[in-house]
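Just so you know, full-length UniProt numbering puts 293 at position 293 of the sequence shown, and the rest follows in order with no gaps. Think of the CB as a built atom: it goes at the ideal place given N, C-alpha and C, for glycine as much as any other residue.
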Amino acid sequence: MSDYLVIVESPAKAKTIERYLGKKYKVKASMGHIRDLPKSQMGVNVEENYEPKYITIRGKGPVLKELKTAAKKAKKIYLAADPDREGEAIAWHLAHSLGLDIHSNVRVVFNEITKDAIKESFKHPRAINMNLVDAQQARRILDRLVGYNISPLLWKKVKKGLSAGRVQSVALRLIIDREKEIQSFQPEEYWTIESTFTKNAETFQANFYGSKGKKQELKTEEEVKKVLSQLQGQEFEVSSVTKRERKRNPAPPFTTSSLQQEAARKLNFRAKKTMMLAQQLYEGIELGKEGTVGLITYMRTDSTRISDVALKEASEYVSTTYGKEYIRVEQMKEKKQTNAQDAHEAIRPTSSLRSPNMMKEFLSKDQLRLYKLIWERFIASQMAPAIMDTMSVDLLNNEIVFRASGSTIKFPGFMKVYVEGSDDGKEEKENMLPDLQKGDKVSSEKINPKQHFTQPPPRYTEARLVKTLEELGIGRPSTYAPTLDTIQKRGYVSLDNKRFIPTELGGIVHELMMEFFSSVINVEFTAKMEKDLDEIEEGKIEWIQVIDEFYKGFEKHLTKAEKEMQEVEIKDEYAGVDCEHCGHPMVFKMGRYGKFMACSNFPDCRNTKPIVKEIGVKCPKCNEGNIIERKSKKRRIFYGCDRYPECDFLSWDKPIERKCPKCESLLVEKKLKKGVQVQCTECDYKEEAQK
């Protein structure tokens with residue numbers, strides 16, 4: 001018999017914690033929520049102050065029975081679910097199911113699963129925080145009222161299996177609005193003039209800046225010709241040299257949102273995968289003799305705050321590894337967002353001393369990549385700023401000014417460990433200029449005018465969409481990954497080159513939502529609702545008041561939609577080929593994994609086939625088949641022969657029609673960070689990478 005029973009959500013977490021607490025403690029997992037609103041009905045009594053109807057989740061009966069049996073044998077029960085709204089609600093449901101007094105000290109919270117943090121947290125148990133529970137309940141009930149009222153309407157008027165939600169509908173709106181911007185975008189012409197200059201055999205680049213000391217934009221080729229006609233010879237004089245020292249500060253430690261963004265940029269991870277791996281690192285990894293240890297702090301957070309103990313350990317590590325000059329002397333002032341809950345720390349390693357290199361043998365490839373990202377970002381955040389020497393030079397020829405800029409790293413500081421990525425893939429690079437003084441003469445070797453056109457705003461990547469949702473105050477760290485997953489599963493958007501494109505179905509659903517529920521998918525309204533949920537958590541507003549204010553307006557829109565919403569017929573798009581079984585035309589259908597072809601004579605004929613995309617290249621292996629684009633089980637594109645399985649040719653890189661000029665073998669397009677490079681599959685032939 002154990003003296004104490006501790007209940008957490010997951011078996012991995014239970015295993016780690018039990019080892020730290022010792023023999024008197026028995027740690028069991030609830031496997032997430034024990035109770036929830038029923039799936040088969042609304043489960044919210046609108047007439048009785050929005051009273052929720054909670055039931056034991058189907059399949060959780062045996063788990064609850066096991067927990068009740070263990071609870072009867074224990075002297076004291078502790079509820080140690082995650083330290084957020086969801087975790088507080090899980091603890092509250094468990095207390096209700098096990099007959100515990102929610103006002104007694106049954107709740108234990110910790111931000112990291114380490115021996116010291118666990119032992120310290122059990123010295124300070126507290127009562128269940130009902131403000132946190134109410135905030136979670138309010139969100140759950142709001143989402144249920146929206147989802148369970150609008151979704152059946154969409155099933156009836158459009159097609160079965162559709163859904164709508166407060167956050168997912170706003171995310172879809174952002175994607176569709178961006179697509180409209182792109183479609184209506186009118187490109188504008190503009191020109192640049194680049195030139196290569198030399199001084200004492202040293203070359204450097206400079207661009208046209210303006211004339212008579214004023215900046216000038218070039219809109220047409222005529223304006224370019226006018227500038228070039230004013231130049232007198234190839235000699236330019238250095239008219240000004242500006243040198244200065246610039247500090248560059250490190251990025252703060254990760255929040256949930258910034259982790260998802262950076263993992264997408266640097267590791268090519270989807271938000272869902274990032275959170276799954278982070279959960280594993282948080283709950284505990286087997287480290288040989290050291291046993292199971294949580295490697296990172298809690299991964300759902302919007303704070304960049306760091307504990308004093310972690311700061312001290314990081315500073316000592318930096319001093320020992322890189323030298324005292326690399327220690328961050330002045331701590332960054334945290335830029336706290338207006339909607340940040342600041343419930344716990346930033347995402348960081350539980351110990352700075354566990355370097356990625358030391359963890360290599362214990363982690364899977366993807367776990368290691370994510371841990372390395374988190375560890376490097378945290379260590380860099382506690383390092384001194386980088387110091388850059390920058391230089392700007394103006395070159396003058398008959399009142400025409402060209403300008404060259406360069407920078408060199410004087411002191412690398414945090415950049416020795418980590419540099420934050422960017423959405424456009426550009427990172428700051430060193431650009432050396434010769435030692436130039438005012439009055440020096442330099443020669444222009446080659447002047448190159450270039451025509452350009454302004455580009456439309458880019459489509460949203462996962463990283464860019466998460467960043468936008470966060471900036472607008474929509475959703476919370478824990479909602480981003482499931483939201484993006486849902487709009488893809490419903491077929492509202494597709495991913496092309498890692499960018500979201502709305503589908504026809506997504507457009508139809510969005511138009512209906514805009515016509516009848518524009519206030520629900522209004523960005524400002526949704527952000528205000530998040531603020532109200534935060535105020536419930538802080539005890540400033542009653543949750544029933546927030547829901548009542550929302551529902552009174554929502555109910556009117558719902559009544560109107562039920563009367564006026566017209567049925568939408570989504571016509572099948574003909575594929576242009578006939579079914580080889582019955583002769584009826586084949587049509588395109590949308591399935592769980594994207595589009596496919598199906599016979600229009602369904603259900604009499606159930607013939608289906610994948611959409612084959614030829615790339616115009618003959619198979620180099622059998623010389624009979626054609627190369628087609630395929631997708632792996634993990635939705636990764638590869639290329640193979642259409643005669644498979646007779647011919648097993650396969651390539652992850654896209655083959656092209658040209659042959660290698662060196663050995664006549666197959667050429668492929670290989671995707672690199674700097675662009676796409678044509679390479680030979682047999683010899684060392686390579687072409688210059690193109691963006």
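Contact annotation: residue 367 and residue 261 have beta-carbon atoms that are not nearer than 8 Å. With contacts defined as CB atoms closer than 8 Å, residue 286 and residue 362 qualify as a contacting pair. Per DSSP, reduced to three states, the secondary structure at residue 86 is helical. Sorting 665, 539, 551 by C-alpha distance to the C-alpha of residue 130 places 539 at the top.
For residue 29, the uninterrupted beta strand (DSSP E) segment begins and ends at 25–29. In the three-state reduction of the DSSP assignment, residue 452 falls in the strand class, which pools E and B. Where residue 247 is concerned, the enclosing beta strand (DSSP E) starts and stops at 235–248.
Here residue 169 carries a helix assignment [DSSP, helix/strand/coil]. For residue 435, the secondary structure class from DSSP, reduced to helix, strand or coil, is coil. A contact between stretches requires three or more CB pairs, one per stretch, nearer than 8 Å, and the stretch 374–389 fails this requirement with the stretch 175–187.
The DSSP assignment places 4–8, 25–29, 76–79 as complete runs of the beta strand (DSSP E) inside the UniProt domain "Toprim" (3–114), in order along the chain (cut-off: 3 residues).
Judged by DSSP secondary structure, residue 211 falls within the beta strand (DSSP E) whose first and last residues are 202–211.
Between the C-alpha atoms of residue 127 and residue 305 there is a straight-line separation of about 25 Å.
Put simply, of 431, 29, 499, 33 the residue whose alpha carbon is nearest the alpha carbon of residue 77 is 29. In this chain, the alpha helix (DSSP H) harbouring residue 516 covers 504–516. For a cut-off of 8 Å, the C-beta gap from residue 140 to residue 37 is around 7 Å, short enough to register as a contact.
According to the DSSP assignment, residue 574 belongs to the beta strand (DSSP E) that extends over 573–578.
One alpha carbon belongs to residue 120, the other to residue 529, and they sit about 36 Å apart. For the 8 Å CB-CB criterion, residue 52 and residue 137 form a contact. By the Cβ neighbour-count rule, residue 297 is buried, with 16 or more other Cβ atoms within 10 Å of its own.
Annotated three-state conformation of residue 561 is helix, per DSSP. According to the DSSP assignment, residue 405 belongs to the beta strand (DSSP E) that extends over 400–411. Between residue 20 and residue 6 a beta carbon distance of about 10 Å is seen, past the 8 Å cut, so the two are scored as non-contacting. As DSSP reads the structure, residue 496 sits in a beta bridge with 499. When the five nearest sequence neighbours on each side are left out, the beta carbons in the same chain lying within less than 8 Å of the beta carbon of residue 460 are those of 174, 175, 178, 468, 499, 500, in order along the chain. Apart from the 5 residues on each side of it in sequence, residue 420 sits with its Cβ closer than 6 Å to the Cβ of 251 in its chain, given in chain order.
When the Cα atoms are used, residue 402 and residue 388 turn out to be separated by approximately 23 Å. When DSSP states are grouped into helix, strand and coil, residue 163 belongs to the coil group.
For residue 311, the closest alpha carbon among the candidates 300, 278, 345, 485 is that of 345. Counted as a single uninterrupted DSSP element, the stretch harbouring residue 195 is not any alpha helix (DSSP H) but the beta strand (DSSP E) occupying residues 189–199.
It is roughly 6 Å from the alpha-carbon of residue 599 to the alpha-carbon of residue 605. Each of 490, 515, 497, 90 was checked against the Cα of residue 503, and the nearest Cα belongs to 490.
Excluding residues up to 5 positions away in sequence, 588, 589, 611 lie with their Cβ nearer than 8 Å to the Cβ of residue 595 in the same chain. For residue 365, the enclosing alpha helix (DSSP H) has its first and last residue at 365–381.
Counting the other Cβ atoms within 10 Å of the Cβ of residue 573 gives fewer than 16, which makes it exposed. Fewer than three beta-carbon pairs drawn from the stretch 159–175 and the stretch 573–586 are found closer than 8 Å, and the two stretches are therefore not classed as touching.
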